[in-house]
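*Asks:* Just dropping this structure here.
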Amino acid sequence: MSARLRLANKVTIVTGAGSGIGLETSLQFAAEGARVVLSDINEAAVTAAAKLVAERFPTSEAIAVKCDVSKEADIKNLVDTAVAKFGRLDVLFNNAGIMHPADDDAVATEEKIWDLTQAINVKGVWWGCKYAVLAMRNNKADAALGLGIGGSVINVASFVAKLGAATPQLAYTASKGAVLAMTRELAMIHAREGIRFNSLCPGPIRTPLLMDFLNTPEKLNRRMIHNPMGRFGEAVEQAKAVVFLASDDSSYVNGTDFMVDGGLHACYVTSE
Ligand code: NAD
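Spelled out as structure tokens, the structure:
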């Protein structure tokens, strides 16, 4: 007898699905039986990502929607599209985020870099939460499809929201701290509606966002020595944690700062 897929029939949205963690999570969601709405500001990337999901999982249902998370109208359209196509929304993975190359310390960071970072990394998460709550409040239990009321929202923060670093990216770090605080409060406010909110705190992951920034051996090694496991993480390792938070396996997990960082947040000095 085959085991039931962990996200069978769940309607899911992934923001920033054109690359890195969002792309891997879209693939894992489809592998676990979810219906997936992939979205990204980069239309070509998200179209290619949805095509890849369809190729790898021919029986899956995946669509691509262009969406800039910093624009309320785009997020509303994204959630409306998901509900119009699939009838409900069970999971939102608020993953889209930027780490701007001109993000620096308190003196050098320009106001426009600060504002852009907060607009995408914080306001974008808020818009997503707002429209997810409005949609998830309408969810009725469906025994035939194995779907319940409420839903699960996973907001992407970062290990830098928990740890300071001597290589400053002040706007980014502040934005991710805001995601943690916002997510905790949402988790409490909506707990009795059955809508769970958790933050994912990835450690340093081998995706374009980080690797484009660590573009010299010196920059790379400066970080590597702090990794207890002696390597950066892989996007798929985040995706598997997101599947847990999205699924009913985590039905009593709410308001957490879910660390997936190879133990980095717990370390003082590594063995090498
Ligand atoms: P990535 O750069 O590989 O992918 C990010 C995706 O978001 C891209 O496809 C990009 O087009 C999209 N995007 C950017 N701005 C957008 C907007 N305004 N609206 C919609 N989509 C937009 O990055 P990643 O490493 O996969 O990062 C995903 C998330 O994980 C981010 O929130 C990031 O801050 C977080 N994170 C990453 C790391 C890491 O080491 N890579 C560590 C901690 C947290």
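Counting in my numbering, the sequence shown tops out at residue 272, every number present.
Ideal Cβ positions, reconstructed from N, Cα and C, are used throughout, including at glycine.
Computed from a predicted structure; not experimentally measured.
Residue ranges of each beta strand (DSSP E) run of no fewer than 3 residues wholly in the region 104-190, ordered along the chain?
*Replies:* 151-156
*Asks:* Just verifying my parser: in three-state terms, what is the DSSP assignment at glycine 20?
*Replies:* Here the question's residue 20 lines up with position 20 in the sequence shown. Reduced to three states, the DSSP call for glycine 20 is helix.
*Asks:* Please find out if some non-hydrogen atom of ligand 1 comes closer than 7 Å to the beta-carbon of cysteine 98.
*Replies:* Numbered from its first residue, the sequence shown carries residue 98 at position 98. Going by the sequence as given, residue 98 is isoleucine instead of cysteine. Checking every heavy atom of ligand 1 against the Cβ of isoleucine 98, one is found closer than 7 Å.
*Asks:* Taking only runs of the beta strand (DSSP E) that begin and end inside the region 61-90, which ones reach a length of at least 3 residues, in chain order?
*Replies:* 62-66
*Asks:* Write down the C-beta distance between leucine 7 and serine 251 rounded to the nearest angstrom, noting that I regard them as a contact closer than 8 Å.
*Replies:* Residue numbering aside, residue 7 sits at position 7 when the sequence shown is read from its first letter. Residue numbering aside, residue 251 sits at position 251 when the sequence shown is read from its first letter. The pair is not a contact, with the Cβ atoms about 13 Å apart (cut-off 8 Å).
*Asks:* Quick test of your reading: phenylalanine 244 and isoleucine 205, contact by CB under 8 Å. State the CB separation rounded to the nearest angstrom.
*Replies:* On the sequence shown, position 244 is the one that residue 244 refers to. On the sequence shown, position 205 is the one that residue 205 refers to. Going by Cβ atoms, the distance from phenylalanine 244 to isoleucine 205 rounds to 17 Å, so no, they are not a contact pair.
*Asks:* Is isoleucine 195 near glycine 151, with beta carbons less than 8 Å apart?
*Replies:* Here the question's residue 195 lines up with position 195 in the sequence shown. Here the question's residue 151 lines up with position 151 in the sequence shown. It is a contact, given that the beta carbons lie within the stated cut-off.
*Asks:* Examine ligand 1 and report whether any of its heavy atoms sits within less than 7 Å of the Cβ of alanine 235.
*Replies:* Here residue 235 corresponds to residue number 235 of the sequence shown, with the count starting at 1. Yes, ligand 1 has a heavy atom inside 7 Å of this Cβ.
*Asks:* Compute the Euclidean distance between the alpha carbons of asparagine 215 and aspartate 261, then round it to the nearest angstrom.
*Replies:* Along the sequence shown, one-based indexing puts residue 215 at 215. Along the sequence shown, one-based indexing puts residue 261 at 261. Distance between the alpha carbons of asparagine 215 and aspartate 261: 21 Å.
*Asks:* Leaving out the 5 sequence neighbours to the left and right, which residues in its chain are closer than 7 Å to proline 168 when beta-carbon positions are compared?
*Replies:* Taking the first residue of the sequence shown as position 1, residue 168 is located at position 168. If we look at proline 168 and ignore the five residues flanking it on each side, its Cβ neighbours are Asp104 and Asp105.
*Asks:* Within 10 angstroms of its Cβ, does threonine 15 collect 16 or more other Cβ (buried), or is it exposed?
*Replies:* Indexing the sequence shown from 1 puts residue 15 at position 15. Buried, since its Cβ has 16 or more Cβ neighbours within 10 Å.
*Asks:* Thinking leucine 38 and alanine 3 are a contact (beta carbons under 8 Å), I'd like their distance in whole angstroms, please.
*Replies:* As a position in the sequence shown, residue 38 is number 38, starting the count at 1. As a position in the sequence shown, residue 3 is number 3, starting the count at 1. Taking the Cβ atoms as the reference, leucine 38 lies roughly 25 Å from alanine 3, outside the contact range of under 8 Å.
*Asks:* Report the three-state DSSP secondary structure of threonine 216 (helix, strand or coil).
*Replies:* Here residue 216 refers to the residue found at position 216 when the sequence shown is read from its first residue. Residue state, collapsed to three classes: coil.
*Asks:* Apart from the five residues just before and just after aspartate 90, which ones in its own chain have a Cβ nearer than 6 Å to its Cβ?
*Replies:* Here residue 90 refers to the residue found at position 90 when the sequence shown is read from its first residue. Cβ within range, chain order: Lys10, Val11 and Gly151.
*Asks:* Shorter than 7 Å, the distance from the beta carbon of alanine 82 to the closest heavy atom of ligand 1, or not?
*Replies:* Numbered from 1 along the sequence shown, position 82 holds the residue referred to as residue 82. Not under cutoff, so the answer is no.
*Asks:* Is there at least one non-hydrogen atom of ligand 1 closer than 7 Å to the beta-carbon of valine 156?
*Replies:* Reading the sequence shown from its first residue, position 156 is the one you call residue 156. Yes, Cβ of valine 156 sits closer than 7 Å to a heavy atom of ligand 1.
*Asks:* Going by C-alpha distance, which of Phe57, Ala45, Leu5 and Phe29 is nearest alanine 241?
*Replies:* For this step, residue 241 is matched to residue 241 along the sequence shown. Residue Phe29 is the option with its Cα nearest to alanine 241.
*Asks:* When you measure from the CB of aspartate 142 to every non-hydrogen atom of ligand 1, does any distance come out below 7 Å?
*Replies:* Position 142 of the sequence shown holds residue 142. Not so, every heavy atom of ligand 1 lies at least 7 Å from the Cβ.
*Asks:* Starting from threonine 12, trace the beta strand (DSSP E) both ways and give me its first and last residue.
*Replies:* Indexing the sequence shown from 1 puts residue 12 at position 12. Looking at the DSSP string, the run of the beta strand (DSSP E) that includes threonine 12 is 11-14.
*Asks:* Look at the alpha carbon of methionine 212 and the alpha carbon of arginine 192, and state the distance between them as a whole number of angstroms.
*Replies:* What you label residue 212 is simply residue 212 of the sequence shown in a count that begins at 1. What you label residue 192 is simply residue 192 of the sequence shown in a count that begins at 1. Checking the sequence shown, residue 212 turns out to be aspartate, not methionine. If I take the Cα positions, the gap works out to 42 Å.
*Asks:* Quick one: Cα of alanine 119 to Cα of arginine 137, how far?
*Replies:* Taking the sequence shown and counting its residues from 1, one reaches residue 119 at position 119. Taking the sequence shown and counting its residues from 1, one reaches residue 137 at position 137. If you draw a straight line from the Cα of alanine 119 to the Cα of arginine 137, it is about 26 Å long.
*Asks:* Count the other CB atoms within 10 Å of the CB of leucine 23; is the residue buried (16 or more) or exposed (fewer)?
*Replies:* As a working note, residue 23 is residue 23 in the sequence shown. It counts as buried.
*Asks:* Excluding the 5 residues preceding and the 5 following proline 202 in the sequence, name in chain order all residues of the same chain whose CB lies nearer than 8 Å to its CB.
*Replies:* Mapped onto the sequence shown, residue 202 falls at position 202. Same-chain partners within the cutoff: Ile21, Val156, Ser158, Phe159, Gly233, Gln238, Val260 and Asp261.
*Asks:* If distances are taken between C-alpha atoms only, which option among Thr207, Gly263, His226 and Arg35 comes closest to alanine 96?
*Replies:* Sequence index remark: in the sequence shown, residue 96 carries index 96 (1-based). Checking every option, the nearest Cα to that of alanine 96 belongs to Thr207.
*Asks:* Just the Cα atoms here: how many angstroms apart are alanine 132 and lysine 76?
*Replies:* The residue labelled residue 132 in the question sits at position 132 within the sequence shown. The residue labelled residue 76 in the question sits at position 76 within the sequence shown. Their backbone Cα atoms lie some 9 Å apart in a straight line.
*Asks:* Taking a contact to mean a Cβ-Cβ separation below 8 Å, would you say asparagine 221 touches threonine 270 in this structure?
*Replies:* Against the sequence shown, residue 221 aligns to sequence position 221. Against the sequence shown, residue 270 aligns to sequence position 270. Taking 8 Å as the Cβ cut-off, asparagine 221 and threonine 270 do not qualify as a contacting pair.
*Asks:* When the Cα of serine 199 is compared with those of Arg223, Ala102 and Glu185, which residue comes out closest?
*Replies:* Your numbering for residue 199 matches position 199 in the sequence shown. When only C-alpha atoms are compared, the closest one is Glu185.
*Asks:* Per DSSP, what kind of secondary structure is aspartate 257 in: helix, strand or coil?
*Replies:* For this step, residue 257 is matched to residue 257 along the sequence shown. Looking at aspartate 257 - three-state DSSP - the assignment turns out to be strand.
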